[in-house]
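Remarks on the structure that follows.
Numbering (the UniProt record's numbering), first residue to last: 1 to 304.
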């Protein structure tokens, strides 16, 4: 099975986007990514992060639905992925409306990557409930799926009668939902509620910040994927999609050629481990650099 590739917009470029993009545009960039042979295009989310987090490796982000709408208009084939939307920052009904609109207008190309979130200060700034975020995410998924199917949701947090949201998304039942995170709770959601998993390679140091288990090698990743697919099978569910940022991602700081040379020989290993998507975020310092980096990866990784 061939592994698909997803290009994540460089998060470092967001805060200085006008300077970074120059005479280009986000739509032009997305079209270039599609023409290069990538299968997906994704953006992250952090609407109002605190400065201390930003100073310690954090990043700004576009509104994911706005950015992906622009990408949708400029492309015809790319899958559009929120990587990830923090579910607790929105009412599930507002999220369902945005997702359904984008899915319909893009011709059914949206995948909704969700996570419970971990940045408590951002929850506070947005008036969102940090302590109950996991419980609200679980029911929020049910509320969104009901809305996308033209039904009403009955539940203790978001249950309401006498409402509807049209038009429905292009994909029957709504876009696929992928869950981000390494925690037991995130993995349980993937087994029971979602269609895919977005695990994150991270050192013990990073794991302490995100409050989730470290993930530092392919053997560990394979074991986690096998475990979850077995649990899904026990529930009568099929194998999940798995999108993963390669362990070799640090080489992108050196150059796209070095990264491609390291990852290309391991594509089969990733596929055998159960990875169905590789997500790549170039470390490009300008749009011109980005185009060169994408062209190199297209030639040496996507078409190898």
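Every residue gets a Cβ at the ideal spot worked out from N, C-alpha and C, and that includes glycine.
*Look at residue 245 and residue 201 and say whether their C-beta atoms are less than 8 Å apart.*
Position 245 of the chain shown, counted from the start, is the residue given in the question as residue 245. Position 201 of the chain shown, counted from the start, is the residue given in the question as residue 201. Contact: yes.
*For residue 67, collect the residues of the same chain with a Cβ closer than 6 Å to its Cβ; drop the 5 residues on either side in sequence, then sort them by chain order.*
Residue numbering aside, residue 67 sits at position 67 when the chain shown is read from its first letter. The residues are 43.
*Just checking, does the segment 221 to 240 make contact with the segment 204 to 212 on the three C-beta pairs under 8 Å criterion?*
no
_If I measure Cβ to Cβ from residue 146 and keep anything under 6 Å in the same chain, skipping five residues before and after, which residues do I get?_
As a working note, residue 146 is residue 146 in the chain shown. Hits under 6 Å: 153.
*Could you spell out where the beta strand (DSSP E) holding residue 179 opens and where it closes?*
Residue numbering aside, residue 179 sits at position 179 when the chain shown is read from its first letter. 177 to 180 is the extent of the beta strand (DSSP E) around residue 179.
*What distance in whole Å lies between the Cβ atoms of residue 88 and residue 116, which are believed to be in contact at a cut-off of 8 Å?*
Taking the chain shown and counting its residues from 1, one reaches residue 116 at position 116. Taking the chain shown and counting its residues from 1, one reaches residue 88 at position 88. That pair is a contact at about 7 Å.
*Excluding the five sequence neighbours on either side, which residues of its own chain have a C-beta within less than 7 Å of the C-beta of residue 119, listed in chain order?*
By 1-based counting over the chain shown, the position of residue 119 is 119. Contacts found: 49, 53.
_Nearest-angstrom Cα separation, counted from residue 187 out to residue 228_ = As a position in the chain shown, residue 228 is number 228, starting the count at 1. As a position in the chain shown, residue 187 is number 187, starting the count at 1. The alpha-carbon atoms of residue 228 and residue 187 are separated by roughly 7 Å.
*Beta-bridge pairing of residue 155 - partner residues as DSSP gives them*: As a working mapping, residue 155 is identified with position 155 in the chain shown. Answer is none; residue 155 lacks a bridge partner.
*So what does DSSP say about residue 61, is it helix, strand or coil?*
Position 61 of the chain shown, counting from 1, holds the residue named residue 61. In this structure, residue 61 counts as coil in the three-state DSSP scheme.
*Anyone know if the C-beta pair for residue 81 and residue 111 falls short of 8 Å?*
Position 81 of the chain shown, counting from 1, holds the residue named residue 81. Position 111 of the chain shown, counting from 1, holds the residue named residue 111. Cβ distance < 8 Å, so residue 81 and residue 111 count as in contact.
*Where residue 18 and residue 286 are concerned, what is the direct C-alpha to C-alpha distance, given to the nearest angstrom?*
One-based indexing of the chain shown puts residue 18 at position 18. One-based indexing of the chain shown puts residue 286 at position 286. Between residue 18 and residue 286, the C-alpha separation is close to 10 Å.
*asked:* Quick check: residue 185 and residue 148, are their CB atoms within less than 8 Å of each other?
replied: Within the chain shown, the letter at position 185 stands for residue 185. Within the chain shown, the letter at position 148 stands for residue 148. Their beta carbons are not under 8 Å apart, which means residue 185 does not touch residue 148 by this criterion.
_Please give me, in chain order, every unbroken run of the beta strand (DSSP E) with length at least 3 that falls completely inside the segment 193 to 277._
196 to 198, 241 to 244
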